[in-house]
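Taking this note's numbering, the leading residue of the sequence shown gets 160, the next gets one more, and so forth.
Heads up, the thing below is written out as structure tokens.
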Amino acid sequence: MLKAQLNPHFLFNTLNNIYVLSLENSPKTPKSIEKLSKILDHVLFRCNTKYVSLSSEIELLENYIELEKLRYDDRLQINFNNHIEQDGKIAPLILLSLVENAFKHGAGEDSVSPKIDIDFYNTDIQFKFIISNTIAVEPDQIERTAIDLKNIKKQLNLTYPNRFELRINTLPKLFTVTVQIKNN
Numbered sequence: 160m161l162k163a164q165l166n167p168h169f170l171f172n173t174l175n176n177i178y179v180l181s182l183e184n185s186p187k188t189p190k191s192i193e194k195l196s197k198i199l200d201h202v203l204f205r206c207n208t209k210y211v212s213l214s215s216e217i218e219l220l221e222n223y224i225e226l227e228k229l230r231y232d233d234r235l236q237i238n239f240n241n242h243i244e245q246d247g248k249i250a251p252l253i254l255l256s257l258v259e260n261a262f263k264h265g266a267g268e269d270s271v272s273p274k275i276d277i278d279f280y281n282t283d284i285q286f287k288f289i290i291s292n293t294i295a296v297e298p299d300q301i302e303r304t305a306i307d308l309k310n311i312k313k314q315l316n317l318t319y320p321n322r323f324e325l326r327i328n329t330l331p332k333l334f335t336v337t338v339q340i341k342n343n
């Protein structure tokens with residue numbers, strides 16, 4: 160379900176960024192190709208099960224963020240905090256959808272000083288993911304975000320019935336999503 164909703168603009172933008180890097184003979188080109196290759200491998204071939212390892216999903220997010228940074232140079236501030244005490248299992252691509260959402264609505268090209276904060280926690284009792292991003296005040300963006308989050312909530316409900324909590328907090332310039340999933 161979520162695979163079909165992944166943003167194709169990310170792929171086109173990334174390929175274009177890598178193309179520009181290659182024209183400049185940038186030393187970043189090989190690493191960028193490697194990261195894109197790992198993302199495609201994960202999304203196309205490793206996500207065909209109900210659950211994947213949390214560590215592989217985190218690696219997916221790290222690769223995604225590194226490629227997104229190519230678009231923003233030093234203009235984007237990202238805090239990526241991994242407080243994972245132990246590896247676990249999670250439904251594939253849910254976290255990527257939330258991170259994509261943050262980039263799409265919080266770190267847009269017109270954002271003056273975009274910032275994204277990501278925190279992970281996993282214990283015996285629960286998994287917790289918190290993502291916050293700056294927002295531009297545009298009603299159509301808020302409506303689109305609501306649709307994206309509604310789809311994510313459906314996926315969580317199908318995969319983790321009665322075991323998850325999805326909280327959304329909107330402040331004037333900050334949008335935060337918290338996902339908590341009870342571990343078995």
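Just so it is clear, CB atoms sit at the ideal spot from N, CA and C, and this is done for glycine as well.
Taking the alpha helix (DSSP H) that Val-202 belongs to, which residues open and close that run? First-last for Val-202: undefined, no H or E at that position.
Leu-180 versus Leu-257, Leu-226, Glu-216, residue with shortest Cα-Cα distance: Leu-226
Kindly indicate which residue of Ile-253, Asn-343, Lys-341 has the alpha-carbon position closest to the one of Val-211. Ile-253
Less than 8 angstroms separating the beta-carbons of Ile-243 and Phe-279? With contacts defined as CB atoms closer than 8 angstroms, Ile-243 and Phe-279 qualify as a contacting pair.
List, from N- to C-terminal side, the alpha helix (DSSP H) runs of 4 residues or more that fit wholly inside the stretch 275 to 338. 298 to 318
How many Å lie between Leu-257 and Pro-186 at the Cα? Linking Leu-257 to Pro-186 through their CA atoms gives a straight-line distance of about 30 angstroms.
Closest by CA to Asp-233, which one among Leu-170, Val-271, Glu-221? Val-271
So, Ile-289 versus Thr-335, is the Cβ gap smaller than 8 angstroms? yes
Give the C-beta separation of His-264 and Ile-237 to the nearest angstrom, bearing in mind that I take them to be a contact with Cβ-Cβ under 8 angstroms. Contact doesn't hold; Cβ gap of about 15 angstroms is too wide.
Asn-175 and Ile-198: beta carbons closer than 8 angstroms? No.
Ignore the nearest five residues each way along the sequence and tell me which others in Arg-205's own chain have a CB closer than 7 angstroms to its CB. Val-211, Ser-215
One question on the structure: do Asn-321 and Asp-283 come within less than 8 angstroms of each other, judged by their Cβ atoms? No. Outside cutoff.
To the nearest angstrom, report how far apart Asp-200 and Ala-261 are at their CA atoms. 23 angstroms
Label Leu-330 either buried or exposed according to how many other C-beta atoms from any shown protein chain fall within 10 Å of its C-beta, with 16 as the threshold for buried. exposed
In terms of residue numbering, what span does the beta strand (DSSP E) encompassing Asn-342 cover? Taken as a continuous stretch (DSSP letters only), Asn-342 belongs to no beta strand (DSSP E), as it is neither H nor E.
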